[in-house]
Structures are given as structure tokens and as C-alpha cells.
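Undergrad: The following block contains the structure, expressed as C-alpha cells.
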Amino acid sequence: MGKGATTIVVGGGIMGATTLWELAKGGMDALLLEAGGFGRESTGKSAAIVRGHYSNPQVVRMAVRSRDALMRLPELTGCEPVYTKVGWLFLVDEADTELAKQNRAMQIAEGSSSVEVDDLTSIVPGISSDGIAYALYESESGFADPIATTEAYIEAARRLGARAQDRSPVEAVIVENGRVKGVQVGGDVFPCENVVLAAGAWTHKLTAGFGLELPVEITREQDVVFDTGAEATIPCSISAQIDRVYMRPAPEYGPSFLLIGRGFPKDYENVEPDGYDTTVSAAFEADVRKRLVDRIPRLAGVKKVDGRAGLYTVTPDWHPLLGEVDGYEGVYLATGGSGHCFKLGPAIGELVGNAILGRQVDYADINSFSLSRYAEGREFRSTYGGNRA
-4 MGKGATTIVV
6 GGGIMGATTL
16 WELAKGGMDA
26 LLLEAGGFGR
36 ESTGKSAAIV
46 RGHYSNPQVV
56 RMAVRSRDAL
66 MRLPELTGCE
76 PVYTKVGWLF
86 LVDEADTELA
96 KQNRAMQIAE
106 GSSSVEVDDL
116 TSIVPGISSD
126 GIAYALYESE
136 SGFADPIATT
146 EAYIEAARRL
156 GARAQDRSPV
166 EAVIVENGRV
176 KGVQVGGDVF
186 PCENVVLAAG
196 AWTHKLTAGF
206 GLELPVEITR
216 EQDVVFDTGA
226 EATIPCSISA
236 QIDRVYMRPA
246 PEYGPSFLLI
256 GRGFPKDYEN
266 VEPDGYDTTV
276 SAAFEADVRK
286 RLVDRIPRLA
296 GVKKVDGRAG
306 LYTVTPDWHP
316 LLGEVDGYEG
326 VYLATGGSGH
336 CFKLGPAIGE
346 LVGNAILGRQ
356 VDYADINSFS
366 LSRYAEGREF
376 RSTYGGNRA
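With my numbering applied, the sequence shown covers -4 to 384.
If you want it as C-alpha cells, here you go:
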């Protein structure tokens, strides 16, 4: 068996893994190359909260389709369950209430069900309603195990004949006369007809090597895991627009734990992807602790047990870059997740994989996510801004 493939996928996070699976289902000779371990970079450090609430109809459809895939992944791939359906609660202040209501009406029409909540304590015992003007709840949402999800897609693709190699960093993408010819790994050339660049925070470095600049920023993002001790942890995933935080139960640590991070708007720390600080600062821990306790006072005694920092690859409109690049035949992007695309991962793989296979999906237009949208004035507009999208 040769080193190359008809299509080479660079990057073994959620976007690369789902794309590989889609290609394998379509019978294409496909190879995935991952620099480290599968799902161990941005994907594995994701909070992996799953929701259907988005600003744009086709992104809502992508979120609903992806959530369904995560729920059904054991049926689809033969893996162990990766999805935990605990519900998702969205807390909104007065300024964004009407926008949130309009969004909800649109989303119901697109298949994302939710209910408006009056009694917050019926969902989260001990929660303070101070400042909250509106709340909605999605019972089908929750969170997933990001590494197990990624590995499940890769193993399923392998069973269909695809290949996947970890510890195989791609050093360069070879483009000649506007056409991809292969990738370089360890000084060797792996020939291909198509390449999918799904290397997250490293994708822009690969494209720069053949003269393509991507409009992305790499930011460092922290999460903290708290032990709630004798107090029960939160029962569902929560995105608090009013408090600028997101949180979810963290049963991977035990029954009395939660994970929390900061949401948009906030100060963003731009970093280089190689050698960034992966620890959590004391200032960040103190900040999210205060926001948590102000909203749920009964959790005043929480203790930090873990924390981590990962990377966002942020585009100007906080939506991913997908599909073939104009002027670079055979070069496909699956990058720019902007801090919310784990939950869209299955749909992204379906869009990119089908584009390579010469097919279309009926729920989203991959051209909407093309790099050329910025030059053509087709940027996405979002209700809330940032990775709330």
C-alpha cells in the first residue's frame, strides 16, 4: 500500500474525523494524518456542550443534525455511548430578550425544540434569578465526550477501509500550478488528489506555506473543574449570556463536579499554537468562581480540582471555513471552529466529505462557509456575537 491516497485529511480532531468517516462511507481512498494523538488538541480540550440554539437557520439545522448523530453514534459506528442528554439552559438579560425570543421562533421552525422557563429553580435548585429577563431550555441537548467521539469516527472509518495515522505531523502541503499534489511528512511526499486541512490552530501555518493567508486568530481559552462537595452539582448544561459563562456537569470526574469557562464577550488572549500555556491562571479561577457563586449561591464552597487551556481558531464572523478554496484545486478547508464547532462536527464532516465526493446535502450550503465569503460581503451575522453564533 502506498503512502498517499486519493484524499488526505490533515488533522485528527472532530472535523477531520467526521470528514474521514464520510469519505470512507462513500468508498473513497482516504488517509488521515494527525500530528499528535487523535482528538487531543482543541477538540479534546473542548467543553463539548451540545445545543441547538443558533442565529442562522442553516446552522441550526447543522446543530440539530449533529446532535442527532451524537445521540445515535453507537448505532452509527458501533461505539460505546458518547453523548449525555442532561438538557441545556440559556439565561438572557433584558437587552437581548427580544432577540432571543425571535431566535427561538426561528429555531422551532428549523427543528430545534425548546421551552421558555419561568421557574428556574425547577431546573437548577438554588439558582438566583437576579437580572435574568428570559430563559429557555432544550431538553434534548447536553454534552458529549469529545475524545471518545473523535476516536469512534476514526475507528468506524478504518473499518470501512480508510487509514488514519497519529504521530504523523504534516510539514507542508505541496501545491503546483494551482493544484494540490501531496503533503510532506518526515521528508517524504504523500501524493494525493485532494487535501482537507482540518488542523485547527495549525491550519493557517500550512496554507501560508503555499501562499494562502487565512483570516484567523488563535486564542487561548481556559476551563476550570470544580468539586461541589456536599452540594449537588448543576443538573444540566448552562450558557449564561447574562453572566458571560458556560458550564456543565463533569461526571468524568465524579458525581459532584462541574466544568466552567468564560463566554463572549470577554478579553481574548492571542497566542502561538506551539508552546502556549496550558494551565489555568489564579485570576481566571477566581473570576469564574465569583460568577458561578453569584448565580448559584449554594455552590460557595466549591474547590478547584482541575483546569486546562486549549485553543480557539477564530474567524472574523465566528463561523467555520469549509470547502474547496478558489484558485487552489483540490484544497479543502475544514477549520476555523471559533469555539463552538464541536457541536457542529458531524454536519461539518458531512458537508466537506460530500463536497469531495461530488454530492450535496439538503440542509446546508457549503458555499456559505467558503473563504471567499469575506471578499464577497457574505459574512455571517449573529444575534449575540462571538462563539454564541
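Cβ coordinates follow ideal geometry from the N, Cα and C atoms, glycine included.
For Asp360, which of helix, strand or coil comes out of DSSP?
TA: Three-state result, Asp360: coil.
Undergrad: The beta strand (DSSP E) that contains Asp222, what's its start and end?
TA: Glu212 to Asp222
Undergrad: For Met101, name the three-state secondary structure that DSSP assigns.
TA: In this structure, Met101 counts as helix in the three-state DSSP scheme.
Undergrad: Spatial neighbours of Asp321 within its chain, please: CB distance less than 6 angstroms, with the 5 preceding and 5 following residues excluded, ordered by chain position.
TA: Ser367
Undergrad: Taking just the CA atoms, how far does Gly32 sit from Leu155?
TA: 21 angstroms
Undergrad: Are Leu294 and Ile255 touching if we call contact CB-CB under 8 angstroms?
TA: no
Undergrad: Let's see if you can read the secondary structure: which residues bound the beta strand (DSSP E) around Lys298?
TA: Membership of Lys298 in the beta strand (DSSP E) is indicated by the continuous run Lys298 to Val309.
Undergrad: If we call anything under 8 angstroms between Cβ atoms a contact, is Leu253 one with Phe221?
TA: yes
Undergrad: Please go through the stretch 124 to 174 and give each complete beta strand (DSSP E) segment of 3 or more residues, from N-terminal end onward.
TA: 129 to 133, 137 to 139, 158 to 160 and 165 to 171
Undergrad: Please classify Gly32: does DSSP put it in a helix, a strand, or coil?
TA: If DSSP states are grouped into helix, strand and coil, Gly32 belongs with coil.
Undergrad: I'd like to know whether the C-beta atoms of Gly318 and Ile361 end up nearer to each other than 8 angstroms.
TA: yes
Undergrad: Short of 8 angstroms in beta carbon distance, which residues of its chain neighbour Thr2, apart from the five on each side in sequence? Order them along the chain.
TA: Leu18, Met23, Asp24, Ala25, Leu26, Cys187, Glu188, Asn189, Val190, Val191 and Ile351
Undergrad: Measure the CB-CB distance between His48 and Glu133 and report whether it falls below 8 angstroms.
TA: yes
Undergrad: According to the neighbour-count rule (16 or more other Cβ atoms, all chains shown, within 10 Å of its Cβ), is Asp262 buried or exposed?
TA: exposed
Undergrad: Would DSSP call Ala25 helix, strand or coil?
TA: strand
Undergrad: Using DSSP's beta-bridge definition, name the partner residues of Tyr78.
TA: Tyr78 has Ala139 as its beta-bridge partners, per DSSP.
Undergrad: Assuming Leu287 is part of the alpha helix (DSSP H), what are its boundary residues?
TA: Ala277 to Arg290
Undergrad: Between Gly181 and Ser232, what straight-line distance do the alpha-carbon atoms span, to the nearest angstrom?
TA: 43 angstroms
Undergrad: Nearest-angstrom Cα distance between Val326 and Val170?
TA: 9 angstroms
Undergrad: Could you pull out every unbroken alpha helix (DSSP H) segment of at least 4 residues lying fully inside the stretch 177 to 264, listed in chain order?
TA: 198 to 203
Undergrad: Name the DSSP bridge partner or partners of Thr2?
TA: Ala25 and Asn189
Undergrad: On the three-state DSSP scale, how would you describe Thr14?
TA: helix
Undergrad: With a cut-off of 8 angstroms on the beta carbons, I'd call Ser124 and Leu131 a contact; round off their distance for me.
TA: Contact doesn't hold; Cβ gap of about 14 angstroms is too wide.
Undergrad: Pairs of beta-carbons, one from the stretch 94 to 114 and one from the stretch 146 to 161, closer than 8 angstroms: are there three or more?
TA: no
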